[in-house]
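Trainee: I have a structure I would like to understand better, so I am pasting it below and will then ask my questions one at a time.
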Amino acid sequence: MASLDVRRLRRLLPYFGQDRRRLLLALLLLIPLALAGALQPLLVGQAIAALRAEPVLPWLRGLPVPQVLRTLVGLLLGVVLLRLALQGTQSFNVQVVGQRLTARIREALFHHVLALSLRFHDTTPTGKLVTRLTSDVEALAEVFGTGAVGLLGDLVSLVVVSVVMLTIEWRLGLMLIALQIPVTLGMLWLQRRYRRANYRVREELGQLNADLQENLQGLEVVQMFQREEENSRRFRRTSQTYRRAVDGVIFYDSAISAMIEWVSQAAIALVLAVGGAMVTGGAMGLGLLTSFILFSLRLFDPLRQLAERFTQIQGGLTAVERIDELLSRPIDIQDRPEALRTANPRPAALRTANPQVAALRPAVLATTAPATSTPTATSGAEVVFDGVSFAYRPDDPILHNLSFRIAAGEHVAIVGPTGSGKTTIIRLLCRLYEPQAGRILLDGVDIRDLP
Numbered sequence: 068m069a070s071l072d073v074r075r076l077r078r079l080l081p082y083f084g085q086d087r088r089r090l091l092l093a094l095l096l097l098i099p100l101a102l103a104g105a106l107q108p109l110l111v112g113q114a115i116a117a118l119r120a121e122p123v124l125p126w127l128r129g130l131p132v133p134q135v136l137r138t139l140v141g142l143l144l145g146v147v148l149l150r151l152a153l154q155g156t157q158s159f160n161v162q163v164v165g166q167r168l169t170a171r172i173r174e175a176l177f178h179h180v181l182a183l184s185l186r187f188h189d190t191t192p193t194g195k196l197v198t199r200l201t202s203d204v205e206a207l208a209e210v211f212g213t214g215a216v217g218l219l220g221d222l223v224s225l226v227v228v229s230v231v232m233l234t235i236e237w238r239l240g241l242m243l244i245a246l247q248i249p250v251t252l253g254m255l256w257l258q259r260r261y262r263r264a265n266y267r268v269r270e271e272l273g274q275l276n277a278d279l280q281e282n283l284q285g286l287e288v289v290q291m292f293q294r295e296e297e298n299s300r301r302f303r304r305t306s307q308t309y310r311r312a313v314d315g316v317i318f319y320d321s322a323i324s325a326m327i328e329w330v331s332q333a334a335i336a337l338v339l340a341v342g343g344a345m346v347t348g349g350a351m352g353l354g355l356l357t358s359f360i361l362f363s364l365r366l367f368d369p370l371r372q373l374a375e376r377f378t379q380i381q382g383g384l385t386a387v388e389r390i391d392e393l394l395s396r397p398i399d400i401q402d403r404p405e406a407l408r409t410a411n412p413r414p415a416a417l418r419t420a421n422p423q424v425a426a427l428r429p430a431v432l433a434t435t436a437p438a439t440s441t442p443t444a445t446s447g448a449e450v451v452f453d454g455v456s457f458a459y460r461p462d463d464p465i466l467h468n469l470s471f472r473i474a475a476g477e478h479v480a481i482v483g484p485t486g487s488g489k490t491t492i493i494r495l496l497c498r499l500y501e502p503q504a505g506r507i508l509l510d511g512v513d514i515r516d517l518p
């Protein structure tokens, strides 16, 4: 896992909230679960050893064979029941943590998306945002839930089984552990390729959702201009691109599973060959060989799970990357720290020294004074644009050094050709965008100082 992935995961840790205790409990249960899993092959091997009058554990020596079998069967049943209870407790807590984490991150993403300016939403299809708020968050929950905890559980199981095998027969134990090296190298080799393929899948899924959402929202326009066939062809191309991306993920997933299955079968064959020779030569008993065959299955079962969780976690890390990209988007329009939080009484009317109405690109057609000519209080607020410049794109300025004043209660008509900035003025006044230069005053107060 790259250091950048670690930083991204750390950024999401605060979203666990009060569920850290549940997660800690699930992690603590990993050790007894691994020990219980390692005891089962050992107990089965001891039962076979007792039936064949082979050496057994010290505390079973001297007992009659029926009593030994009853004791081992009772212990095996107790271990199985204990393991099931621990697995149920762990699974429940992990699922609860995953669902609560999903809810918190989705709420945070939704709040962040609402706070982003229209500049961002103008260039980002809604379908892509929906994908990040739904499928990406679900994939992330799997990483922090079943994926990450399951991965740690598999690693703990590997360590416990390896230690037990080395303790009872170090030669076969070393042989089985050595066979894990090519599996590990192969998984590391496939990691980056799977990650890139999975990122492409999520990008194409976002584009697919965006095309679907845009066509359904604009269905009236599509039918009005008879674009059904053309838009269907475009959607078909997008769908085929998504399918090809999914095919790449399936290829890497299948390659990992096939590699682990091949190595596990080779390991069992080697244990049978070498262990059988040792049993024939009297170096070990059949009960011990049976334990090792079961241990080899237990050793590669976590590797199979690791392969499945590997693809799950890589997909989750891709989701983490995409979510982090969205959360890292700066909020362009923010209140200043000293922004007013209480009702601000309108100060005396601000009079600019030289209001340049003619500087407007859209021309002021006409102004009318308030209906009453007496010096009574007027409703509304004075609006002042002071040297405002704005551009949607750096190479296409819309407003340049715009200055004008509209008195409280005054009515102003602004006209101009399409694209001259009429709508932009209203958007800036409503603070849907921030000007690149200048300021906008409302009753003498910069609108950035208003809550």
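Offset between the sequence shown (1-based) and the working numbering: plus 67. Ideal placement from N, C-alpha and C gives every residue a C-beta, glycine not left out. Since the structure is predicted, the reported quantities are computational estimates derived from the model, not experimental observations.
Going by C-alpha distance, which of V111, V164, L275 is nearest L92?
Mentor: For the residues V111, V164, L275, the minimum Cα distance to L92 belongs to V164.
Trainee: Would you call Q157 buried or exposed, if buried means 16 or more other Cβ atoms sit within 10 Å of its Cβ?
Mentor: Q157 should be labelled buried.
Trainee: If I'm right that Y319 touches E271 with Cβ under 8 Å, what's the distance once you round it to whole angstroms?
Mentor: Not confirmed; about 16 Å, so no contact.
Trainee: Give the DSSP bridge partners of A340, in chain order.
Mentor: Answer is none; A340 lacks a bridge partner.
Trainee: Can you check the stretch 110-160 for any alpha helix (DSSP H) of at least 4 residues that lies completely inside it and give the ranges in chain order?
Mentor: Segments of the alpha helix (DSSP H) lying fully in the stretch 110-160: there are none.
Trainee: Looking at C-beta atoms only, is the number of pairs between the stretch 134-141 and the stretch 191-203 that lie closer than 8 Å three or more?
Mentor: No: fewer than three Cβ pairs fall under 8 Å.
Trainee: Ends of the alpha helix (DSSP H) at F187?
Mentor: Taken as a continuous stretch (DSSP letters only), the alpha helix (DSSP H) holding F187 covers 185-190.
Trainee: I need the boundaries of the alpha helix (DSSP H) containing P249, first residue and last residue.
Mentor: Taken as a continuous stretch (DSSP letters only), the alpha helix (DSSP H) holding P249 covers 247-284.
Trainee: If contacts are defined as beta-carbon pairs under 8 Å, then F359 and G342 qualify, I think. What distance do you get, rounded to the angstrom?
Mentor: That belief holds up - the Cβ atoms of F359 and G342 are roughly 6 Å apart, short of 8 Å.
Trainee: From P397 to F367, what does the alpha carbon distance come to, in whole angstroms?
Mentor: Roughly 46 Å between the two C-alpha positions.
Trainee: Alpha carbon to alpha carbon, how far is L95 from L219? Give it in angstroms, no decimals.
Mentor: One C-alpha to the other measures close to 11 Å.
Trainee: Which residues in the same chain have their Cβ closer than 8 Å to the Cβ of L110, if we skip the five residues on either side of it in sequence?
Mentor: So the qualifying residues of the chain are L139, L142, L143, V146.
Trainee: Among R150, P99, I493, which one has its Cα closest to the Cα of A480?
Mentor: Measuring from the Cα of A480, the nearest candidate turns out to be I493.
Trainee: Using a Cβ-Cβ cutoff of less than 6 Å, which residues in the same chain neighbour R418 once the five nearest sequence positions on both sides are dropped?
Mentor: Reliability of the predicted coordinates at R418 is poor, the pLDDT of 38 falling under 50, and the value obtained from them is presented with this limitation in mind. Around R418: no qualifying Cβ.
Trainee: Please return the same chain residues whose Cβ sits closer than 7 Å to the Cβ of I335, not counting the five positions on each side in sequence.
Mentor: Around I335: I360, S363.
Trainee: Could you tell me whether the stretch 255-271 touches the stretch 376-389, where touching means 3 or more Cβ pairs closer than 8 Å?
Mentor: Segments in contact, yes.
Trainee: Buried or exposed: which applies to Y459, given that a residue is buried once 16 or more other Cβ atoms fall within 10 Å of its Cβ?
Mentor: The residue in question, Y459, is exposed, as its Cβ has fewer than 16 Cβ neighbours within 10 Å.
Trainee: Reducing DSSP to helix, strand and coil, say where N421 ends up.
Mentor: Residue confidence for N421 is low, a pLDDT of 37 falling below 50, so the modelled location carries little weight; the figure read from the coordinates is stated next. If DSSP states are grouped into helix, strand and coil, N421 belongs with coil.
Trainee: Suppose you measure from the CA of E205 to the CA of L100; what does that come to, to the nearest Å?
Mentor: Roughly 27 Å between the two C-alpha positions.
Trainee: For the beta strand (DSSP E) containing I473, list its first residue and its last residue.
Mentor: Counting along the chain, the beta strand (DSSP E) containing I473 begins and ends at 463-473.
Trainee: Less than 8 Å between the CB atoms is what I'm expecting for V387 and V210, so what's the real figure, rounded?
Mentor: With 8 Å as the limit, V387 and V210 qualify as a contact, their Cβ atoms being about 7 Å apart.
Trainee: How many angstroms separate the CA atom of R128 from the CA atom of F83?
Mentor: So the two alpha carbons sit approximately 51 Å from each other.
Trainee: Determine the direct distance from the alpha carbon of Q307 to that of V197, and round the result to whole angstroms.
Mentor: Between V197 and Q307, the C-alpha separation is close to 21 Å.
Trainee: Can you name the residues that DSSP bridges to L542?
Mentor: For the chain, the structure presents residues 68 to 518; residue 542 sits outside this window and is missing.
Trainee: Checking the sheet assignment: what are the DSSP bridge partners for S456?
Mentor: Looking at the DSSP assignment, S456 forms a beta bridge with A504.
Trainee: Under the rule that 16 or more other beta-carbon atoms within 10 Å means buried, what is E236, buried or exposed?
Mentor: Counting Cβ neighbours within 10 Å, E236 comes out buried, since at least 16 surround it.
Trainee: Under the assumption that D391 contacts R171 (Cβ atoms under 8 Å), give the Cβ distance between them as a whole number of angstroms.
Mentor: The pair is not a contact, with the Cβ atoms about 15 Å apart (cut-off 8 Å).
Trainee: Of all the options P133, L222, S184, which has the alpha carbon lying nearest to the alpha carbon of Y500?
Mentor: Nearest C-alpha to Y500: S184.
Trainee: If you check the beta carbons only, do E121 and L339 fall under 8 Å apart?
Mentor: Not a contact, by the Cβ cut-off of 8 Å.
Trainee: Select from E328, V451, L373 the residue whose C-alpha is nearest the C-alpha of E477.
Mentor: It is V451 whose Cα lies nearest to the Cα of E477.
Trainee: How far does the alpha helix (DSSP H) with V230 in it extend, from its first residue to its last?
Mentor: Residues 215-235.
Trainee: Between which two residues does the alpha helix (DSSP H) holding A208 run?
Mentor: 202-209 is the extent of the alpha helix (DSSP H) around A208.
Trainee: Taking the C-alpha atoms as reference points, what is the distance between V288 and R294?
Mentor: If you take the alpha carbons of V288 and R294, they lie about 8 Å apart.
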